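Top to bottom, those sequences are chains A and B. Heads up: take any position in the first sequence, counting from 1, add 2, and you land on the numbering used here. Heads up: take any position in the second sequence, counting from 1, add 2, and you land on the numbering used here. For each residue, glycine too, the CB sits at the ideal point set by N, CA and C. Given the structure is predicted, the values throughout are model-derived calculations rather than measurements. Report on the structure given below.
Protein chains: 2
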Amino acid sequence: MESAPAIQKLLDELERMPGIGPKSAQRIAYWMLNSDRGTVLRLADAIVEVKNTVHFCSRCFNYAEGEVCEICASSRRNAAILCVVSEPRDIAAIERTAAFSGLYHVLGGVLSPMDGVGPDDLHIAELLQRLADDTVEEVVLATNPNVEGETTAAYLARLIKPLGLKVTRLASGLPVGGDLEFADEVTLGRAIESRRAL
Amino acid sequence: MESAPAIQKLLDELERMPGIGPKSAQRIAYWMLNSDRGTVLRLADAIVEVKNTVHFCSRCFNYAEGEVCEICASSRRNAAILCVVSEPRDIAAIERTAAFSGLYHVLGGVLSPMDGVGPDDLHIAELLQRLADDTVEEVVLATNPNVEGETTAAYLARLIKPLGLKVTRLASGLPVGGDLEFADEVTLGRAIESRRAL
Chain A
3 MESAPAIQKL
13 LDELERMPGI
23 GPKSAQRIAY
33 WMLNSDRGTV
43 LRLADAIVEV
53 KNTVHFCSRC
63 FNYAEGEVCE
73 ICASSRRNAA
83 ILCVVSEPRD
93 IAAIERTAAF
103 SGLYHVLGGV
113 LSPMDGVGPD
123 DLHIAELLQR
133 LADDTVEEVV
143 LATNPNVEGE
153 TTAAYLARLI
163 KPLGLKVTRL
173 ASGLPVGGDL
183 EFADEVTLGR
193 AIESRRAL
Chain B
3 MESAPAIQKL
13 LDELERMPGI
23 GPKSAQRIAY
33 WMLNSDRGTV
43 LRLADAIVEV
53 KNTVHFCSRC
63 FNYAEGEVCE
73 ICASSRRNAA
83 ILCVVSEPRD
93 IAAIERTAAF
103 SGLYHVLGGV
113 LSPMDGVGPD
123 DLHIAELLQR
133 LADDTVEEVV
143 LATNPNVEGE
153 TTAAYLARLI
163 KPLGLKVTRL
173 ASGLPVGGDL
183 EFADEVTLGR
193 AIESRRAL
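Here it is, written out as structure tokens:
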């Protein structure tokens, strides 16, 4: 081996990261070798800190540093609308839109018989418990618009509708700024079905 | 902010890495949050270890963990051929070819009047010192085939040739597996000039 063992070890660990192949790992490793100590150790510290301080919110299962996450702890959120998502990263995506001011509930996955994921493997019992106290008026089912996400949304809708709550689903259609010509048939079909009156 | 502060800090630090934008940083951060503690802390340790143990080889200025790098320390390398490169990463590239068994010397850059890099900013004095003991018979100038690399190679050739050593340069030409049609004119022109008898 031509590399120093510490460099080889770093390359091996960097390549475990998603989207990082051997070339990117090498580029990052050389950046670390060339950068000043402070910059590089700050990154290592940030990694350790995240693993030490971040866990799941006891209420919504988002990532949190305290007992509950910052969204659950905020007094400015509308507790009457609850948005159900599959993963914490979906919360980050929705928050970036600034179009939603309600609370969230993270399922921790989607129903997937193929992968052996059933209702008991998701935070569905905890969701029903949150709906029991009459605070929530609308549940937005924001699982992904794919087979498993739709199945999960349909399953949840069947459970929640009998509670007398409004159940909604994110709209499917053409991406804004997109092009009819390049839309796939399913998306375009959905956009036609869900056309709005002007 | 919707993210926990520790996550936001991690995202900021990840985005400093070369080739990592906000989307990649987020993907990596979520991977770190979801992966088991051991995997993630091993990466943080590898980063710290590289900054603590890796420095420059006292002989060739490659990265090294000991006083000299593994290549300089090896008894299986041919000390009669010295390959001069700009950066340690060039050594890694040449080693991967397994086509060179000599030793290296890292300049630590290339001559660049525009960036204020002159001969005294590179490890040229140390190179000449290494050539003084008559061990080296050939110096391969392996700086990049661009303006600054060629200038640096020409400068070094003028210094080294009077010492009576053989001075060579890496061949320029068509990439193996490449296509005449897609070669740039300069490369194709160089390939024609340097054509070999068959």
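Where B:Arg160 is concerned, the enclosing alpha helix (DSSP H) starts and stops at 149-162.
What A:Leu167 touches in chain B, judged by beta-carbon distance under 8 Å, is nothing: the nearest beta carbon there is about 25 Å away. Within 8 Å of the CB of B:Pro24, no CB atom of chain A is found; the nearest one sits about 10 Å away. With its beta carbon less than 8 Å from one in chain B, A:Thr41 belongs to the interface. Going by DSSP, B:Ala82 is part of the beta strand (DSSP E) stretching over 80-87. With contact defined as three or more Cβ pairs closer than 8 Å, the stretch 119-127 of chain A and the stretch 179-192 of chain A are not in contact. Using a Cβ distance threshold of 8 Å, A:Glu67 and B:Ala127 do not count as a contacting pair. If only uninterrupted alpha helix (DSSP H) runs of at least 4 residues are considered, those enclosed by the stretch 23-94 of chain A are 24-36, 39-55, 72-75. Ranked by how close their Cα comes to the Cα of A:Ser76, the residues A:Val86, A:Pro90, A:Arg61 have A:Arg61 in first place. Chain-order list of chain A residues neighbouring B:Ala75: empty, with the shortest C-beta distance near 11 Å, by a criterion of under 7 Å. For A:Thr189, no Cβ of chain B is located within less than 8 Å of the residue's own Cβ. Going by DSSP, A:Gly104 is part of the beta strand (DSSP E) stretching over 104-108. In this structure the stretch 106-116 of chain B lies against the stretch 79-98 of chain B, because at least three pairs of beta carbons, one per stretch, are closer than 8 Å. Annotation for B:Ala27: Leu13, Leu16, Glu17 place their beta carbon closer than 7 Å to its own, counting only its chain and skipping 5 residues before and after. By the beta-carbon neighbour count (other beta carbons within 10 angstroms, threshold 16), A:Leu165 is exposed. Two segments are said to touch when three or more pairs of C-beta atoms, one from each, lie closer than 8 Å; by this definition the stretch 36-54 of chain A does not touch the stretch 93-102 of chain A. Shown here, B:Arg18 sits in coil according to DSSP, grouped into three states, outside any helix or strand. The C-alpha of B:Ala144 is placed about 52 Å away from the C-alpha of A:Asn146.
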